[in-house]
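Chemist: To convert, note that position 37 of the sequence shown is 64 in the numbering used here; the numbers rise steadily by one, no gaps.
By construction, the Cβ of each residue, glycine as well, lies at the ideal position given by its N, Cα and C atoms.
A single structure is presented below for examination.
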Amino acid sequence: MSQLQAPGAVVMIRPHHFCSNPETRDDNAFQTLADDTADVTSAQALAEFDGAVAALRGAGVSVHVFDDTGTETPDSVFPNNWFSTHAGGHVAVYPMYAANRRKERRWDVIELLKRDYRVQDVIDYSGLEQDGLALEGTGAMVLDHIGRIAYTVKSNRADPVLLERFCTHFNFEPMVFEARDAQGRDVYHTNVLMGIGTDYALICLDMITDPTRRAEVAARLEETGRRVIDLTPEQIAGFAGNALELTGHSRLLALSSRAVDVLRADQIAVIEHSATLLPLSIPTIETAGGSVRCMLAAIHLSPRERTQS
């Protein structure tokens with residue numbers, strides 16, 4: 028079974044000080060958590076996180092968990108924005124739009140990757156924050172690792188110059204488009220709008236504003252041999268697009284219980300032809316504006332062979 032699009036390992040960050048991020052609320056329409064988050068909310072988020080880790084491990088996914096003990100990183104539970112990994116041993120570290128999200132970068136995570144996996148190089152773009160540039164990883168880009176396409180919604184989280192630089196370094200073709208939600212608000216991260224599996228793609232085509240571009244995106248997905256599961260804006264609001272295909276005991280689609288609830292039976296049937304649904308219950312974490320995909324930093328690296336002592 029090919030794991031190119033569906034990796035078998037992830038990094039997750041346990042949030043000990045889960046709360047709303049005031050620096051991201053203006054452009055993240057999914058963020059509904061109130062400022063006066065009580066300790067009980069933080070405890071609920073921790074319980075949801077630990078339940079998700081247990082479910083992933085139980086399904087055969089390798090999960091590397093790091094504890095976030097800082098109080099200045101409210102979005103640390105969403106690590107897919109600050110780094111990504113790529114077949115062949117390549118790692119990218121990204122510049123973040125919100126100042127407090129820049130504190131999420133952790134070099135102990137990178138060191139673990141170097142220790143346990145074959146890492147050839149780490150390309151660090153984070154210094155470009157000083158120039159006001161941001162490219163928020165696999166939140167800003169939804170990557171087709173098989174067809175080498177980086178689907179990217181235009182936003183302040185995805186600078187076009189930096190996107191071109193990433194695509195040149197990592198051998199992706201950028202496919203950029205504008206997208207807005209049902210209320211006419213710009214979509215802030217591509218991975219709330221779409222997710223790409225090995226044999227299918229979840230996407231809300233209606234939210235792509237330009238009809239010509241909409242048809243081009245659908246055509247490219249179909250050209251790569253994928254069934255397009257066209258989601259509604261209401262399903263996107265339920266985080267149905269914020270899912271990640273993984274390989275455990277079998278091929279899986281990790282997504283939230285809320286996302287499963289808004290999918291139709293015919294859509295689920297297309298997914299289940301290729302992957303088993305793995306619903307994770309994270310209602311508290313979702314109030315921070317992200318869902319399961321955002322919580323999972325996928326490891327597309329070859330593990331090092333363990334030597335017997």
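Pull up the DSSP beta-bridge partners for R278, would you.
Modeler: T274.
Chemist: Are N107 and G174 touching if we call contact CB-CB under 7 Å?
Modeler: Contact: no.
Chemist: Note the first and the last residue of the continuous beta strand (DSSP E) segment covering T112.
Modeler: Element bounds for T112: 110-113.
Chemist: Per DSSP, G265 forms a beta bridge with which residues?
Modeler: According to DSSP, G265 bridges with nothing at all.
Chemist: My assumption, with CB atoms under 8 Å, is that M168 sits in contact with V92. Please give the rounded CB distance.
Modeler: In fact, because the Cβ distance is near 25 Å, the residues do not count as touching under 8 Å.
Chemist: Do you know offhand how far G116's Cα is from H196's?
Modeler: Straight-line Cα distance between these residues: approximately 13 Å.
Chemist: Write down the C-beta distance between V319 and L282 rounded to the nearest angstrom, noting that I regard them as a contact closer than 8 Å.
Modeler: Correct: roughly 5 Å between the Cβ atoms.
Chemist: Check whether the region 68-80 and the region 289-304 are in contact - that is, three or more C-beta pairs closer than 8 Å.
Modeler: The region 68-80 vs the region 289-304: no contact.
Chemist: On the three-pair Cβ rule with 8 Å, is the region 93-113 touching the region 127-144?
Modeler: The region 93-113 vs the region 127-144: in contact.
Chemist: Give the straight-line distance between the Cα atoms of Y178 and R331, rounded to the nearest whole angstrom.
Modeler: Distance between the alpha carbons of Y178 and R331 is about 30 Å.
Chemist: Excluding the five sequence neighbours on either side, which residues of its own chain have a C-beta within less than 6 Å of the C-beta of S329, listed in chain order?
Modeler: Closer than 6 Å at Cβ, skipping near neighbours: R145.
Chemist: For A270, count neighbouring C-beta atoms within 10 Å of its own C-beta (all shown protein chains included) and say buried if the count is 16 or more, exposed if not.
Modeler: That one is buried.
Chemist: Which first and last residues belong to the alpha helix (DSSP H) in which P238 is found?
Modeler: P238 -> alpha helix (DSSP H) spans 238-250.
Chemist: If you follow the beta strand (DSSP E) that A167 is in, where does it begin and where does it stop?
Modeler: It is not in any beta strand (DSSP E) - A167 instead sits in the alpha helix (DSSP H) that spans 164-167.
Chemist: Report the CB separation of I263 from L220 in whole angstroms; it is logged as a contact under 8 Å.
Modeler: Between L220 and I263 the Cβ distance is about 6 Å, and since that is below 8 Å, they are a contact.
Chemist: How would you call A315, buried or exposed, if buried means at least 16 neighbouring beta carbons within 10 angstroms?
Modeler: The residue in question, A315, is buried, as its Cβ has 16 or more Cβ neighbours within 10 Å.
Chemist: If you draw a straight line from the alpha carbon of W109 to that of V120, how long is it in whole angstroms?
Modeler: So the alpha carbons of these two residues sit roughly 6 Å apart.
Chemist: What does the alpha-carbon distance come out to for the pair A209 and P260?
Modeler: If I take the Cα positions, the gap works out to 6 Å.
Chemist: Nearest to E272 by CA position, among T311, E313, G224, is which residue?
Modeler: Looking at the Cα atoms, G224 is the closest of the given residues.
Chemist: Taking buried to mean at least 16 other C-beta atoms within 10 Å of its own C-beta, is G78 buried or exposed?
Modeler: Answer is exposed; the Cβ neighbour count stays below 16.
Chemist: Using 10 angstroms around the beta-carbon of Q157, count the other beta-carbons present and answer buried if the total reaches 16, otherwise exposed.
Modeler: The residue in question, Q157, is exposed, as its Cβ has fewer than 16 Cβ neighbours within 10 Å.
Chemist: I'd like the ranges of any alpha helix (DSSP H) spanning at least 4 consecutive residues and lying wholly in the region 158-226.
Modeler: Qualifying alpha helix (DSSP H) stretches, in chain order: 164-167, 187-197.
Chemist: Have a look at the DSSP bridge pairing and note the partners of R41.
Modeler: R41 pairs with D94.
Chemist: Going by the beta-carbon positions, is the gap between V90 and V149 smaller than 7 Å?
Modeler: Taking 7 Å as the Cβ cut-off, V90 and V149 do not qualify as a contacting pair.
Chemist: Starting from A296 and walking both ways along the beta strand (DSSP E), at which residues does that stretch end?
Modeler: It is not in any beta strand (DSSP E) - A296 instead sits in the alpha helix (DSSP H) that spans 292-299.
Chemist: Express the C-alpha separation of Q32 and D62 in angstroms, rounding to a whole number.
Modeler: At D62 the pLDDT is 49, less than 50, meaning the model places this residue with poor confidence; the figure from the coordinates comes in the next sentence. The alpha-carbon atoms of D62 and Q32 are separated by roughly 37 Å.
Chemist: Among the candidates T217, R192, R212, G211, whose CA atom is the shortest distance from the CA of V203?
Modeler: Closest option to V203, Cα to Cα, is T217.
Chemist: Report the residue from D171, P201, H172 whose alpha carbon sits nearest the alpha carbon of A185.
Modeler: Cα-wise, what sits closest to A185 is P201.
Chemist: Leaving out five residues before and five after L229 in sequence, what residues of the same chain have Cβ atoms less than 7 Å from its Cβ?
Modeler: Closer than 7 Å at the Cβ level, and outside the excluded window around L229, lie M221, G222, I256, L258, A267, G268, A270.
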